[in-house]
Each structure stands twice: as C-alpha cells, then as structure tokens.
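Okay, structure first, notes after.
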Amino acid sequence: MMSEPSIPANVRDLAARRHVDAGGAIFRVGTSASHVYFLLRGRVALNRFGPSGEEVAIHVADPGEFFAEASLHAERYHCTAVALADTEVAAIPSVDLRARIQSDPQFAMQWLESVAGQLRQVRARVERLSIKSAAERVRHLLLTEGRGKTPTYALRGTARELAGQLGLTHEALYRVLAAMQREGTIARTRSEIVLLR
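Numbering that gives the first Met the number 0 numbers the first residue of the sequence shown as 0 and each following residue consecutively.
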C-alpha cells in the first residue's frame with residue numbers, strides 16, 4: 000500500500016484537511032471558486048457536461064496532485080469535482096495561496112514546476128486521444144506515463160475509468176489488452192501493465 004503524500008511544506012500552514020465520501024462532490028460547477036485542493040488519499044474526477052448533457056471526465060486526480068488550480072484566477076469553478084473513492088483532501092484558500100505565490104519567489108517557482116508537470120500530462124492525454132488505433136493509445140499511455148526501464152503503468156482505478164481516459168469503451172479496452180498480451184507486446188497483472196516491446 001502506497002503511503003499518503005504530505006501536504007507541501009510551503010502551504011501546510013494554509014491547508015485544512017477534509018474527508019469526502021465516495022460519490023461526494025468536493026465542489027460543483029458554478030459555485031464560488033474559493034479553494035485549491037491537494038489530494039492526499041483517494042481519487043477525484045473533474046467532470047463537465049457535454050452538449051447532450053453527458054458527463055465528461057476532463058481529468059482524474061491521483062494522490063500528490065493539486066487540482067482546481069484555475070480557482071486562483073476565476074470567480075467560479077468550471078467543473079464539478081467528485082470523489083471516486085473515500086477521499087482526503089487539503090483545502091487551501093485561493094486568496095492565501097495567491098498571496099504566498101506573490102510573496103515567496105522560491106515557492107512560486109515550485110508552484111510553476113508542479114503546474115507545468117501536470118500540464119505536460121494533460122497534453123500527453125490530449126495527444127493520446129488523437130491516435131486512432133486503440134493499441135497505439137495503450138502503447139502511448141505506457142510510454143508517457145509508465146515508469147522504469149521497461150515502461151510499467153500502475154493501474155490507479157477501475158478498468159472502466161482507464162477506458163474512459165483512453166477514449167474507449169471498457170469492452171474495447173479488454174479486447175485490445177487481451178490481443179496485445181497474446182502478441183507479447185504487453186504483460187499485465189491486476190495492478191499493472193508492462194510494455195515488453
């Protein structure tokens with residue numbers, strides 16, 4: 000079991016810890032954007048609604064990530080944050096975080112580095128969704144988000160959630176993973192997928 004990440008030292012004094020039960024909303028679209036959040040435990044989906052009213056996950060936050068960073072510069076939240084499991088967050092008032100960034104250049108650079116890293120991940124996800132082949136989407140995921148010399152991706156949620164992140168149905172994901180495993184392209188366990196070639 001992974002240990003819980005620590006609230007970054009430079010904002011620990013600003014943060015209030017909150018528990019949210021699975022399925023609960025941390026904030027809703029259109030409500031006052033008063034806090035930035037740091038995820039300590041659980042998983043959080045940031046959802047918007049599509050043109051037909053369907054819910055679309057624009058990001059899934061994992062422990063150790065900030066989310067709702069746009070609240071630093073917005074009056075209202077532009078999405079809804081829903082806990083996918085029992086979740087612990089650190090809520091940091093936007094006004095206090097903005098003041099800390101303005102007064103502490105070292106922290107400002109750390110904040111930029113953190114946000115830039117998350118932006119790189121989002122760009123990789125957008126790039127992945129433009130790939131037509133399901134197998135190539137899986138390969139791209141393993142190459143960009145896998146760890147180690149032999150890219151290994153640790154599964155963080157359900158297969159259905161992974162399928163949604165890849166823009167596939169869960170049936171299509173099962174089929175492509177089974178085919179890639181038969182071909183010797185990947186190996187997989189219940190907790191990870193390894194790119195072999």
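Beta carbons: idealized from backbone N, C-alpha and C, even for Gly. Remember, it's a predicted structure, so these values are computed and weren't measured experimentally.
Query: Sequence ranges, alpha helix (DSSP H) only - wholly within the stretch 60–126, length at least 4; Result: 93–102
Query: Closest Cα partner of Val-14 within the set Glu-87, Ser-51, Val-81; Result: The sequence given here places Ala at residue 14; Val does not occur at that position. Comparing Cα positions, the closest option is Glu-87.
Query: Of the listed residues Glu-3, Leu-45, Glu-68, nearest to Asp-95 (C-alpha basis); Result: Glu-68
Query: Closer than 7 Å: Arg-42 CB and nearest the ligand PLP heavy atom; Result: Among the components of this structure there are no ligands whatsoever, and the ligand PLP is therefore not found.
Query: Any beta strand (DSSP E) of 3 or more consecutive residues that is wholly inside the stretch 142–191; Result: 151–153, 185–187
Query: DSSP beta-bridge partners of Asn-206; Result: Nothing about residue 206 can be reported from this structure: the residues present for the chain run from 0 to 196 only.
Query: Ile-130, enclosing beta strand (DSSP E) - first and last residue; Result: No beta strand (DSSP E) contains Ile-130, which DSSP labels as neither H nor E.
Query: For Arg-17, the three-state DSSP class (helix, strand or coil); Result: strand
Query: Beta strand (DSSP E) segment containing Ala-24, residue limits; Result: 24–26
Query: Exposed unless 16 or more other CB atoms sit within 10 angstroms - verdict on Asp-103; Result: exposed
Query: Nearest neighbour of Ile-207, chosen from Ser-129, Ile-6, Met-179, Gly-49 [CA to CA]; Result: Since the displayed the chain opens at 0 and closes at 196, residue 207 lies outside it and no answer follows.
Query: With 16 other Cβ atoms within 10 Å as the buried cut-off, status of Gly-29; Result: exposed
Query: Arg-136 - DSSP class collapsed to helix/strand/coil; Result: helix
Query: Backbone CA spacing between Ser-31 and Leu-172 [nearest angstrom]; Result: 38 Å
Query: Phe-37 vs Ala-84 beta-carbon contact at 8 Å; Result: no
Query: C-alpha distance - Arg-159 paired with Leu-167, whole-angstrom precision; Result: 9 Å
Query: Close Cβ partners of Gly-183 (< 8 Å) along its chain, the five nearest in sequence each way excluded; Result: Leu-195, Arg-196
Query: Beta bridge counterpart(s) of Arg-51 as assigned by DSSP; Result: For the sequence presented, residue 51 should be read as Ser rather than Arg. Looking at the DSSP assignment, Ser-51 forms no beta bridge with any residue, so it has no partner.
Query: Closest by C-alpha distance to Leu-118, when choosing among Ala-80, Leu-140, His-58, Gly-145; Result: His-58
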